[in-house]
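Residue numbers (the working numbering): 34 to 508.
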């Protein structure tokens, strides 16, 4: 049970940590935050009343009921951690603290290598528009939360993202566990694909109670299930919900599950028809259409409305709500226009995400001009592990501008830089940028034509290049 004495958040400017801090504020708990960098996020937290420190050594620890930290900060401040332990103050990883916050509600976790934020937002929008007032934690900026990232609701449900990057998502034994896809990411932590897959299998929760909702149209999930189904043990109160194509219903592994666990399994049959997704469940036919282009959004929507259906919400209501899906900042977000060039920002930083975003925007803009992409590689470790795949994912762009690698706090790795992409790209369509916004934009402007689309792509600060370009057009 949380008290009304202060809680200290270390690294409070991060998306996950700031969300939790906002939720603590909702509970009228005093919040003390530490972050060495000020930002819009920390400024907004200060507006809501937190006390912010940029030096961890200067924080008074007397009277603090709990310290919440993320994996990114744990190893960097061992001395401070020892002092906190010596004072008898409980230390809680952010995943542990979140479970404290939602312990009195039925929890819905959303995991997957891609699409977590969008799917969490979709589930949250459905529940919110139906007046169910859920607790929400989303690792992205959506109008649903008005820049807060997290809020405490008085309803029966709590919806949150489960981040697999550091393995702590295995602590999220939610009542409903959603999984969008499995892909090669965070191998710097898991080391091998096999360990990554086993972690996701554990997250799904065979052998525990609750419900899992899996998009089996994803090749990663399909592979994991197909290779492990014979060894799967279901808890007697566990329910598995599979989203499958018509073709997959004929596969041996699927039939095995249906034959042996029929009372536990619900399955949807779906297919893509143009820009819509048609699905069949319980002998009823539905169509899903979203405001954003791309198959990935449709499949995320199918996962979200399946979850809602398990909560007793009819697919027809969910389809209607998702037809006006509000979206998330930095997910195909239109920043504005410059000289009849549409400027778009997207968070995609993994090869699969990059391919999907470029394909979606090329399809959307096919009758107009070219697609220009400013790409900012994210982290030295990810670039080293996925270099060739990242480069090949950019090949469908008409022009590529490569920014220096965004370190995200990592130390540089010798020999790993944006120049390493060049052997895999078309030299006539690729330009290395210096990282100076004004100089970079001078060159990019000279390449753009009316009707073109400029995509700012990456998880760092590449958005700023697009913002500056649009702002120039407003002056």
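Every residue gets a Cβ at the ideal spot worked out from N, C-alpha and C, and that includes glycine.
Tell me the rounded alpha-carbon separation between residue 507 and residue 216. Indexing the chain shown from 1 puts residue 507 at position 474. Indexing the chain shown from 1 puts residue 216 at position 183. Note that residue 507 scores 48 on pLDDT, short of 50, meaning its location in the model is unreliable; the coordinates nonetheless yield the value given after this. Roughly 41 Å between the two C-alpha positions.
Would you report the Cα separation of residue 448 and residue 416, rounded to the nearest angstrom? Here residue 448 corresponds to residue number 415 of the chain shown, with the count starting at 1. Here residue 416 corresponds to residue number 383 of the chain shown, with the count starting at 1. Distance from the CA of residue 448 to the CA of residue 416, rounded to the nearest whole angstrom, comes to 11 Å.
Pull up the CB-CB distance for residue 391 and residue 429, whole angstroms please, since I reckon it's below 8 Å. Taking the chain shown and counting its residues from 1, one reaches residue 391 at position 358. Taking the chain shown and counting its residues from 1, one reaches residue 429 at position 396. That belief holds up - the Cβ atoms of residue 391 and residue 429 are roughly 5 Å apart, short of 8 Å.
Is it true that the CB of residue 213 sits closer than 8 Å to the CB of residue 336? One-based indexing of the chain shown puts residue 336 at position 303. One-based indexing of the chain shown puts residue 213 at position 180. Yes.
Please report how far the alpha carbon of residue 222 lies from the alpha carbon of residue 123, in whole angstroms. Your numbering for residue 222 matches position 189 in the chain shown. Your numbering for residue 123 matches position 90 in the chain shown. Taking the straight line from one Cα to the other gives about 26 Å.
With DSSP as the reference, label residue 507 as helix, strand or coil. The sequence position of residue 507 within the chain shown is 474, counting from 1. Low per-residue confidence applies at residue 507: pLDDT is 48, beneath 50, and the placement is therefore not dependable enough to give any value.
Counting only the same chain and skipping the five closest in sequence on each side, list residues whose C-beta sits under 7 Å from that of residue 426. Mapped onto the chain shown, residue 426 falls at position 393. Excluding residues within five positions, the ones whose Cβ falls inside 7 Å are 384, 387 and 388.
Exposure of residue 452, with buried meaning 16 or more beta-carbon neighbours within 10 Å: Residue numbering aside, residue 452 sits at position 419 when the chain shown is read from its first letter. Of the other Cβ atoms in all chains shown, fewer than 16 fall within 10 Å of the Cβ of residue 452; this residue is therefore exposed.
Determine contact between the segment 300-316 and the segment 129-138, defined as no fewer than three beta-carbon pairs at a distance below 8 Å. In short, these stretches do not touch, since the Cβ pair count stays below three.
Can you give me the C-alpha to C-alpha distance between residue 49 and residue 282, rounded to a whole angstrom? Within the chain shown, residue 49 is the residue found at index 16, counting from 1. Within the chain shown, residue 282 is the residue found at index 249, counting from 1. Approximately 38 Å, taken between the alpha carbons.
Please confirm whether residue 81 and residue 58 have their CB atoms less than 8 Å apart. Start at 1 with the first residue of the chain shown, and residue 81 comes out as number 48. Start at 1 with the first residue of the chain shown, and residue 58 comes out as number 25. Cβ atoms of residue 81 and residue 58: closer than 8 Å.
Between the CA atoms of residue 118 and residue 490 - distance to the nearest angstrom: On the chain shown, position 457 is the one that residue 490 refers to. On the chain shown, position 85 is the one that residue 118 refers to. Spanning the two alpha carbons is a distance of roughly 41 Å.
Continuous alpha helix (DSSP H) assignments of at least 4 residues falling wholly in the segment 381-448: Qualifying alpha helix (DSSP H) stretches, in chain order: 384-397 and 413-426.
Rounded straight-line distance, which links the Cα of residue 334 to that of residue 305: On the chain shown, position 272 is the one that residue 305 refers to. On the chain shown, position 301 is the one that residue 334 refers to. Their Cα atoms are separated by approximately 13 Å.
For residue 258, which residues of its own chain have a beta-carbon under 7 Å away from its beta-carbon, when the five flanking residues on both sides are left out? Here the question's residue 258 lines up with position 225 in the chain shown. Once the five neighbours on either side are set aside, the close Cβ partners of residue 258 are 249 and 286.
At what residues does the beta strand (DSSP E) containing residue 86 begin and finish? Within the chain shown, the letter at position 53 stands for residue 86. Counting along the chain, residue 86 sits inside the beta strand (DSSP E) bounded by residues 84-86.
Buried versus exposed, by CB contacts within 10 Å (16 or more), residue 413: As a first step, residue 413 must be located in the chain shown, where it is residue number 380. Result: buried.
With DSSP as the reference, label residue 174 as helix, strand or coil. In the chain shown, residue 174 corresponds to position 141, counting from 1. Residue 174 falls in the coil class under three-state DSSP.
Going by other Cβ atoms of all chains shown within 10 Å of its Cβ, with 16 needed for buried, is residue 148 buried or exposed? Your numbering for residue 148 matches position 115 in the chain shown. So residue 148 counts as buried.
Quick check: what's the CA-CA separation for residue 406 versus residue 478? The count along the chain shown starts at 1 and reaches residue 406 at position 373. The count along the chain shown starts at 1 and reaches residue 478 at position 445. Approximately 13 Å, taken between the alpha carbons.
Nearest neighbour of residue 164, chosen from 83, 180 and 187 [CA to CA]: The residue given as residue 164 occupies position 131 in the chain shown. Of the candidates 83, 180 and 187, the one whose C-alpha sits nearest the C-alpha of residue 164 is 187.
In terms of DSSP beta bridges, what is residue 277 paired with? Taking the first residue of the chain shown as 1, we reach residue 277 at position 244. Answer by DSSP bridge pairing, in chain order: 302.
Just verifying my parser: in three-state terms, what is the DSSP assignment at residue 328? Counting from 1 along the chain shown, the entry for residue 328 is found at position 295. Looking at residue 328 - three-state DSSP - the assignment turns out to be helix.
Can you tell me the Cα-Cα spacing of residue 85 and residue 101, whole angstroms? The sequence position of residue 85 within the chain shown is 52, counting from 1. The sequence position of residue 101 within the chain shown is 68, counting from 1. Using only the alpha carbons, I get a separation of about 14 Å.
Cβ-based burial, residue 74 [other Cβ within 10 Å; buried from 16]: The sequence position of residue 74 within the chain shown is 41, counting from 1. Counting Cβ neighbours within 10 Å, residue 74 comes out buried, since at least 16 surround it.
In its own chain, which residues sit with a C-beta less than 7 Å from the C-beta of residue 373, not counting the 5 before and 5 after it? The residue given as residue 373 occupies position 340 in the chain shown. Hits under 7 Å: 483 and 484.
Quick one: Cα of residue 492 to Cα of residue 371, how far? By 1-based counting over the chain shown, the position of residue 492 is 459. By 1-based counting over the chain shown, the position of residue 371 is 338. For residue 492 and residue 371, the distance between alpha carbons rounds to 23 Å.
What separation, rounded to the nearest whole angstrom, lies between the Cα atoms of residue 52 and residue 461? Your numbering for residue 52 matches position 19 in the chain shown. Your numbering for residue 461 matches position 428 in the chain shown. The alpha-carbon separation between residue 52 and residue 461 amounts to approximately 44 Å.
If residue 354 and residue 162 are in contact, beta carbons under 8 Å, what's the gap, nearest whole angstrom? Position 321 of the chain shown, counted from the start, is the residue given in the question as residue 354. Position 129 of the chain shown, counted from the start, is the residue given in the question as residue 162. That pair is a contact at about 5 Å.
Opposing strand residues paired with residue 534 [DSSP bridges]: Missing from the structure shown is residue 534; the chain here goes from 34 to 508 and no further.
Would you grab the beta carbon distance between residue 303 and residue 338 for me? Rounded to a whole angstrom, and I think it's under 8 Å. As a position in the chain shown, residue 303 is number 270, starting the count at 1. As a position in the chain shown, residue 338 is number 305, starting the count at 1. Not confirmed; about 11 Å, so no contact.
So for residue 249, helix, strand or coil by DSSP? For the purposes of this step, residue 249 is identified with residue 216 of the chain shown, where counting begins at 1. Of the three classes helix, strand and coil, the one that applies to residue 249 here is coil, per DSSP.
Indicate whether residue 193 and residue 244 have their beta-carbon atoms separated by less than 8 Å. As a first step, residue 193 must be located in the chain shown, where it is residue number 160. As a first step, residue 244 must be located in the chain shown, where it is residue number 211. The answer is no: Cβ separation not under 8 Å.
Buried or exposed: which applies to residue 182, given that a residue is buried once 16 or more other Cβ atoms fall within 10 Å of its Cβ? Indexing the chain shown from 1 puts residue 182 at position 149. Residue environment for residue 182: buried (at least 16 other C-beta atoms within 10 angstroms of its C-beta).
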